[in-house]
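Numbering (the numbering used here), first residue to last: 3 to 285. Glycine included, each C-beta is placed from N, C-alpha and C at the ideal position. Take a look at the structure below.
Set out below in structure tokens:
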């Protein structure tokens, strides 16, 4: 009896494996990043501060599309047309572009490599590096996300993000009271990552650089960014092309981070040489 059950299971698994060779999917994610911008002692009207914060918030609320198969994926921002009356919604501090995760991101789980095509101040870079394998801890909690049962997993990750407040602070004001290296261009710290994955889609892909769980990651949260899946299409009738980006100056993540840091320093010096004019609005 056990042999028949095992043989039947093997036949089912073989069938699933054969079908999986052509398996594809598409997931839509909504990403929101909290904006904590320190205006310091600038003499800016409250209504102007509110307007600036709203623009920064909007610039950091995005929709991403993840196209995937069993071994690879491409993750990119959904392009949206600017609505009439909008004043260049993308002109706030955008954490992703400087950090190197706002461009087209290709992940190959089999090779444990990733490629990011990213634009930095008018120049195209191609970041080519190895995927970081997080030490995931499986938790017992579960919840429903859309039509799928998702399970919780946690890990600790070192996060590096631009410190926009340091760049656009007037010199000599408030730096002595800062908690997170306010004079630095980047904030680097360890944070807890909380992810929710579903074994119902048994691939170890996910949004951004997240991967490595026994199921598609449907939601993930660090200390400031929340990403949640809002729609999934499995095996769409129209075949999805998952192609690695190839254009741009090829660099490692560490090299790109160094270039970003130098550009951030230039921005800070240019802003301070102008005496902090411009009300804190980035150019």
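For residue i, the three-state DSSP class (helix, strand or coil)
i: residue 112; result: coil
i: residue 199; result: strand
i: residue 272; result: helix
i: residue 232; result: strand
i: residue 190; result: strand
i: residue 205; result: coil
i: residue 261; result: helix
i: residue 245; result: coil
i: residue 125; result: strand
i: residue 119; result: strand
Boundaries (first-last residue) of the beta strand (DSSP E) holding residue i
i: residue 150; result: 150-164
i: residue 253; result: 251-253
i: residue 66; result: 63-71
i: residue 74; result: 74-79
i: residue 29; result: 26-35
i: residue 221; result: 218-223
i: residue 134; result: Element bounds for residue 134: n/a, residue is neither H nor E.
i: residue 142; result: 139-147
i: residue 239; result: Element bounds for residue 239: n/a, residue is neither H nor E.
Inter-residue Cα distance where the pair is residue i and residue j
i: residue 245; j: residue 67; result: 14 Å
i: residue 214; j: residue 202; result: 15 Å
i: residue 258; j: residue 50; result: 34 Å
i: residue 255; j: residue 248; result: 16 Å
i: residue 198; j: residue 229; result: 10 Å
i: residue 29; j: residue 35; result: 19 Å
i: residue 237; j: residue 74; result: 15 Å
i: residue 184; j: residue 163; result: Reliability of the predicted coordinates at residue 184 is poor, the pLDDT of 43 falling under 50, and the value obtained from them is presented with this limitation in mind. C-alpha separation (whole angstroms): 12 Å.
i: residue 130; j: residue 47; result: 44 Å
i: residue 196; j: residue 110; result: 22 Å
i: residue 32; j: residue 267; result: 31 Å
i: residue 143; j: residue 208; result: 19 Å
i: residue 194; j: residue 145; result: 19 Å
i: residue 79; j: residue 65; result: 6 Å
i: residue 57; j: residue 189; result: 22 Å
i: residue 63; j: residue 24; result: 33 Å
i: residue 253; j: residue 156; result: 30 Å
i: residue 206; j: residue 271; result: 43 Å
i: residue 220; j: residue 233; result: 10 Å
i: residue 153; j: residue 160; result: 23 Å
i: residue 95; j: residue 82; result: With a pLDDT of 41 at residue 95, under the threshold of 50, the modelled position of that residue is not reliable, and no figure is offered here.
i: residue 217; j: residue 137; result: 15 Å
i: residue 241; j: residue 251; result: 30 Å
i: residue 128; j: residue 115; result: 13 Å
i: residue 140; j: residue 204; result: 16 Å
i: residue 243; j: residue 72; result: 13 Å
i: residue 70; j: residue 108; result: 10 Å
Buried versus exposed, by CB contacts within 10 Å (16 or more), residue i
i: residue 269; result: buried
i: residue 126; result: exposed
i: residue 158; result: exposed
i: residue 120; result: buried
i: residue 117; result: buried
i: residue 148; result: exposed
i: residue 210; result: buried
i: residue 123; result: exposed
i: residue 132; result: exposed
i: residue 135; result: exposed
i: residue 262; result: buried
Assumed close pair residue i, residue j - CB separation to whole angstroms, cut-off 8 Å
i: residue 76; j: residue 113; result: Contact flag wrong, Cβ pair sits at about 15 Å.
i: residue 226; j: residue 212; result: That pair is no contact at about 15 Å.
i: residue 235; j: residue 27; result: 7 Å
Below-9 Å beta-carbon distance, residue i vs any chain C residue
i: residue 158; result: The structure shown contains no chain C; it is built from a single protein chain.
Residue i CB to nearest heavy atom of the ligand FMN below 8 Å
i: residue 116; result: This structure lacks the ligand FMN; in fact it carries no ligand of any kind.
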